[in-house]
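What follows is a short report on a single structure.
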Amino acid sequence: MGLFGGIGPVFLKENSDTSEFIEKMEILSKKTTGDLKKEIELQIKLASYGEMGEKNIAFELKNSGIDMYILHDIFI
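Rendered as structure tokens:
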């Protein structure tokens, strides 16, 4: 809650599909070899960095104390 009784940050959609994507790619990585395996591992690495960044931003927004609505992982 803000200093003057505001609503603070509100996440309208907080969850992301990134962790599911990483899990599926790890399963797929175990079944492949060669260049395809390297490409899948790169995608896993990039998705992991993205997920970490999303979590850091969500933490900062939650603790900002600013009244706002936050849409996460929304496709328009």
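Residue numbers for the sequence shown follow our numbering, beginning at 15 and rising by one. Glycine included, each C-beta is placed from N, C-alpha and C at the ideal position. Computed from a prediction, not measured in an experiment: that's the story for all the values here.
Q.
In the DSSP output, what is residue 82 paired with across the bridge?
A. 23
Q) Which residues bound the alpha helix (DSSP H) around residue 33? A) 32 to 45
Q. When DSSP labels each residue in this structure, what does residue 90 get in the three-state scheme?
A. coil
(Q) Can you confirm whether the stretch 63 to 71 touches the stretch 45 to 54 when touching is taken to mean that 3 or more C-beta pairs between the two stretches lie within less than 8 angstroms? (A) no
Q) If we ignore side chains and look at the alpha-carbon of each, how far apart do residue 86 and residue 41 end up? A) 26 angstroms
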